[in-house]
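Numbering (this note's numbering), first residue to last: 9 to 441. To keep things clear, I will list the structure first and then write my remarks on it.
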């Protein structure tokens, strides 16, 4: 059949590529006449086994294969014969009915045993050859492919059957739903017919009502014309007033623009004052640091002098001379004068800083008020209150007097501990003197 021919072709190609020895029963060389064992048909009565055929004659094509020149394996595959793997040459010759000499059979049997053992190795795996493995793997793959295709076809048919059943069920449900909707539409149609009759009756009553209202509209139209004339005269008066208001608004806008320009100037001044105040604050901080350093040095000197004085009191014999003591007293008095001058300078600087802070607070408060009241001035339609000349006095509020006192307290709290120690040491030194 076609499958047998196809398998025989695959077997031939795999043997040609990988030199396969499976299905070779005798195992002898072609020169020894072993291939003639496989050229005979497996079924009795075949062309090769009949007497007088080309296969039974010596020197015929049976020695090298079949009459057509193909290998013996292809002839066996084409005729459907299946020879057992690993049989001896004796069993093959007996099955095929070929008469061989006894000595020749013994020689070929021993030779086939050796070569079969060499091919099979340990005799456990008859498919150890690469060509046979390739051949049978492709046979199994083709069989698996055919089986999978049949499974897919069965699954596809079952899926189509299931879909058809679902479609039939959906059609049945749709028909039932359509019948139900048709009945609902009939009921709705009856209800709408009744409502239409009622609406016709209501429309007739409305027509009568409309005729009555039309007569009333004609009466009201005359009254409306009279009132419209009165409104036109009123509108003319209001237009005159509106023009006057627009003129006032223009004047106020001009005033606001002037105030804005003044505000920009004041902002520039404020920024400058803030910068000057920041510079002055840095100078004051630098002066305070210098004064603190000098006071610290004075405390150290006072401590040294106090220790010296106490030591001189304890040790009268080793006391310093009167001249040296007078010089020390003179230095202390000079230092006291310096400290007094420094304190006065510090007080003056603190007062100046307080004044600058109060001015800065006043300017900040005035700018905040201007920023708050400018939108109200823009939105105002009436008079702006007092005269515009004294707007600065009305808008600027006095700065709180507590600011300077709080700032002074903050400066006093920010004095370093060294300053306090220096003042204490100076007081002790003056008390000792």
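A virtual CB, placed ideally from N, CA and C, is assigned to each residue, including glycine.
Residues near residue i by beta carbon distance below 8 angstroms, same chain, minus five either side
i: residue 268; result: 382
i: residue 204; result: none
i: residue 359; result: none
i: residue 156; result: none
i: residue 149; result: none
Residue j beta carbon less than 7 angstroms from that of residue i
i: residue 143; j: residue 18; result: yes
i: residue 368; j: residue 285; result: yes
i: residue 271; j: residue 378; result: yes
Contacting residues, own chain, Cβ-Cβ under 7 angstroms from residue i (five flanking each side not counted)
i: residue 299; result: 350, 354
i: residue 189; result: none
i: residue 345; result: none
Beta-carbon contacts of residue i that lie in its chain and below 6 angstroms, excluding the five residues immediately before and after
i: residue 461; result: Nothing can be reported for residue 461: it is not among the residues displayed for the chain, which extend from 9 to 441.
Any C-beta of chain C under 7 angstroms from that of residue i
i: residue 267; result: Considering every chain present, this structure includes no chain C. It has just one protein chain.
**OP:** Would you check if the segment 343-353 and the segment 280-287 touch, i.e. whether three or more CB-CB distances between them fall below 8 angstroms?
**Re:** no
Original post:
Should the segment 305-315 be regarded as contacting the segment 288-295, the criterion being three or more beta carbon pairs within less than 8 angstroms?
Top reply: no
**OP:** Count the CB pairs spanning the segment 242-260 and the segment 335-343 that are closer than 8 angstroms, and state whether there are at least three.
**Re:** no
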